[in-house]
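Chemist:
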Amino acid sequence: MPHRHAAVLLAAIIAAVAAGIFLGWLGEPAADSVAWLGTLFLNALQLLVIPLVLTAVVSGVISAGDVRHFGPVGGWTVAYYLTTTALAVIIGLVMVNLIQPGAGVSLAGAAEVPETIAGGSTGVTAFINQILPPNLVAAAADTKLLPVILFALAFGVATLAVGDTGRPVAAFFQAANEIIMKLVIWLMYLAPLGILGLVAG
Numbered sequence: 380m381p382h383r384h385a386a387v388l389l390a391a392i393i394a395a396v397a398a399g400i401f402l403g404w405l406g407e408p409a410a411d412s413v414a415w416l417g418t419l420f421l422n423a424l425q426l427l428v429i430p431l432v433l434t435a436v437v438s439g440v441i442s443a444g445d446v447r448h449f450g451p452v453g454g455w456t457v458a459y460y461l462t463t464t465a466l467a468v469i470i471g472l473v474m475v476n477l478i479q480p481g482a483g484v485s486l487a488g489a490a491e492v493p494e495t496i497a498g499g500s501t502g503v504t505a506f507i508n509q510i511l512p513p514n515l516v517a518a519a520a521d522t523k524l525l526p527v528i529l530f531a532l533a534f535g536v537a538t539l540a541v542g543d544t545g546r547p548v549a550a551f552f553q554a555a556n557e558i559i560m561k562l563v564i565w566l567m568y569l570a571p572l573g574i575l576g577l578v579a580g
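Position in the sequence shown counted from 1, then plus 379, gives you the working numbering.
See below:
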């Protein structure tokens with residue numbers, strides 16, 4: 380995106396935030412009239428997440444040009460993902476224990492609340508099953524990024540390993556990555572409308 384367009388987009392986003400606050404202050408009818416724009420914008424963003432991650436990782440691995448270059452890149456990618464995920468969990472646990480949301484709230488007259496909430500296993504086996512699911516499409520549909528990233532890394536390495544046979548596939552993913560990035564840029568031009576709807580809603 381050109382710098383001039385980025386500056387105009389930033390100004391439009393600031394104006395959208397102010398307009399969203401004003402519409403929210405006016406009341407529910409005014410806010411509801413534009414709230415759907417925020418939902419539509421978020422849906423469009425989520426729609427592009429999986430294609431963007433898949434094509435970006437595959438094309439990134441392919442751009443290395445040699446399978447031997449993949450080791451450090453792949454290791455750092457997985458380490459970064461696991462580290463940021465661990466930090467997110469730690470921050471969540473600390474904040475929940477500090478704020479204690481729901482403490483002191485009376486549930487009298489509310490619907491029946493179970494005494495315990497069943498959770499899945501959190502052991503090593505469960506973690507491996509999460510990063511290597513039996514169905515990649517189902518994982519992508521649930522926006523589980525780690526299985527998609529690992530598949531993309533392995534797919535990129537395999538594309539390099541087959542040599543000349545994989546060149547058409549490499550060209551496809553590199554072109555697809557540029558196309559997805561263009562779609563993301565086009566969507567960013569609509570960000571002020573989406574932010575208007577989100578803030579007002």
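Beta carbons: idealized from backbone N, C-alpha and C, even for Gly.
Quick check on L427: does DSSP put it in helix, strand or coil?
Modeler: One-based indexing of the sequence shown puts residue 427 at position 48. In this structure, L427 counts as helix in the three-state DSSP scheme.
Chemist: Taking DSSP as the reference, what is the three-state secondary structure of A467?
Modeler: Within the sequence shown, the letter at position 88 stands for residue 467. A467: helix per DSSP, three-state reduction.
Chemist: Which residue marks the beginning of the alpha helix (DSSP H) containing K561, and which one marks its end?
Modeler: Numbered from 1 along the sequence shown, position 182 holds the residue referred to as residue 561. Its alpha helix (DSSP H) spans residues 546-568.
Chemist: What would DSSP say about A537, mapped onto helix, strand or coil?
Modeler: For this step, residue 537 is matched to residue 158 along the sequence shown. If DSSP states are grouped into helix, strand and coil, A537 belongs with the helices.
Chemist: Would a C-beta distance cut-off of 8 Å place A579 and A467 closer than the cut-off?
Modeler: Numbered from its first residue, the sequence shown carries residue 579 at position 200. Numbered from its first residue, the sequence shown carries residue 467 at position 88. Their beta carbons are not under 8 Å apart, which means A579 does not touch A467 by this criterion.
Chemist: Please classify P408: does DSSP put it in a helix, a strand, or coil?
Modeler: Numbered from 1 along the sequence shown, position 29 holds the residue referred to as residue 408. Note: P408 maps to helix in three-state DSSP.
Chemist: Please report the straight-line C-alpha distance between A395 and V536, rounded to a whole angstrom.
Modeler: Numbered from its first residue, the sequence shown carries residue 395 at position 16. Numbered from its first residue, the sequence shown carries residue 536 at position 157. So the alpha carbons of these two residues sit roughly 44 Å apart.
Chemist: Can you name the start and end residues of the alpha helix (DSSP H) that L515 belongs to?
Modeler: To locate residue 515, count along the sequence shown from 1; it is residue 136. Taken as a continuous stretch (DSSP letters only), the alpha helix (DSSP H) holding L515 covers 515-520.
Chemist: Is it true that the segment 471-479 meets the segment 550-566, where meeting means three or more beta-carbon pairs spaced less than 8 Å apart?
Modeler: Touching, no, given that fewer than three Cβ pairs across the two stretches are closer than 8 Å.
Chemist: Touch check for the segment 531-549 and the segment 428-442: three-plus C-beta pairs under 8 Å?
Modeler: Segments in contact, yes.
Chemist: Considering only residues of the same chain and omitting the five flanking positions on each side of P430, which have a CB-CB separation below 8 Å?
Modeler: Counting from 1 along the sequence shown, the entry for residue 430 is found at position 51. A555, I559, listed in sequence order.
Chemist: Output yes or no for whether 8 Å exceeds the beta carbon distance between L575 and V437.
Modeler: Position 196 of the sequence shown, counted from the first residue, corresponds to residue 575. Position 58 of the sequence shown, counted from the first residue, corresponds to residue 437. Cβ atoms of L575 and V437: not closer than 8 Å.
Chemist: P408: buried (16+ other C-beta within 10 angstroms of its C-beta) or exposed?
Modeler: Your numbering for residue 408 matches position 29 in the sequence shown. With fewer than 16 other Cβ atoms within 10 Å, it is exposed.
Chemist: Hey, out of L562, F534, K561, whose CA is closest to A549's CA?
Modeler: Numbered from 1 along the sequence shown, position 170 holds the residue referred to as residue 549. The residue with the shortest Cα to Cα distance from A549 is F534.
Chemist: Which class does P512 belong to by DSSP, given the choice of helix, strand or coil?
Modeler: One-based indexing of the sequence shown puts residue 512 at position 133. It is coil, neither helix nor strand.
Chemist: Helix, strand or coil, according to DSSP, for P526 in the structure here?
Modeler: Residue numbering aside, residue 526 sits at position 147 when the sequence shown is read from its first letter. Helix, per DSSP.
Chemist: Roughly how many angstroms separate the alpha carbons of L532 and A398, rounded to a whole number?
Modeler: For this step, residue 532 is matched to residue 153 along the sequence shown. For this step, residue 398 is matched to residue 19 along the sequence shown. Rounded to the nearest angstrom, the two C-alpha atoms are 43 Å apart.
Chemist: If contacts are defined as beta-carbon pairs under 8 Å, then L427 and L562 qualify, I think. What distance do you get, rounded to the angstrom?
Modeler: Counted from its first residue, the sequence shown places residue 427 at position 48. Counted from its first residue, the sequence shown places residue 562 at position 183. Sure, about 6 Å apart at Cβ, within 8 Å.
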